[in-house]
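Remarks on the structure that follows.
In my numbering, the protein residues as written are 1100 to 1276.
This is the structure in C-alpha cells:
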C-alpha cells in the first residue's frame, strides 16, 4: 500500500518487483519511518521508530551487508534497516499491543461472565460496556448489540466481542493499561 501511494503511476508488476527487492534485503530509514507513520497513530509511531533506531546501519545498496553501530557513514551512504528486522519490530509491537488488550479485556469479560461459559446475555454485555467505558473507551452498547446479536438471541460470545472490537479498531484507539 505504501509503495502504491508513493508511486501511483507505476504498473502493479513494477510495484511488486520493488516490494520483493525490499523484502529480500533492506529499506531506507526514511521509508521505514514513512511506513510506520502511515500505519500507526502518532504515539505508537514514535514508540516503534524508537525501537527501530538500534537496528539502523548503512550500506551502499539494498543488497549490501549493513554496518550497524556506526553513527555516520564516511561515504555519505543513507541509513537502512534490514527488512526482516523492520518486520520483527512491527510484529513485536503489535503482539505486545494485542496481548495487553486481550489480557485486560479477558479480565473484564470474566468479571461479568459469572457462569464462566464465555457467553454473555444482554445485561452482562451492557455491564461489560460500562466497565470498558470507565476504562477509557467510548462505546455505545446498543450499536454494538445490534452488530453482535442482531436477532436478539441473547448470546454474545467472547470470540464475537474480540472480532467486533478488532474490526472497530477499539484496541488501536485507546490504551487499556
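Just so you know, even glycine gets a beta-carbon here, dropped at the ideal spot from N, CA and C.
- Residue range 1178–1181 is occupied by the beta strand (DSSP E) that includes residue 1178.
- For residue 1125, the uninterrupted beta strand (DSSP E) run begins and ends at 1125–1127, by DSSP.
- Fully enclosed alpha helix (DSSP H) runs of no fewer than 4 residues occupy 1240–1247 of the region 1223–1247, in order along the chain.
- If the five residues before and after residue 1154 are omitted, its C-beta is found closer than 8 Å to the C-beta atoms of 1167, 1180, 1181, 1184, 1185, 1188, all from its own chain and listed in chain order.
- By the Cβ criterion, the region 1246–1254 is not in contact with the region 1194–1203, since fewer than three pairs of Cβ atoms, one from each stretch, lie closer than 8 Å.
- In the displayed model, residue 1210 falls within a helix according to three-state DSSP.
- With fewer than 16 other beta carbons inside 10 angstroms of its own, residue 1122 counts as exposed.
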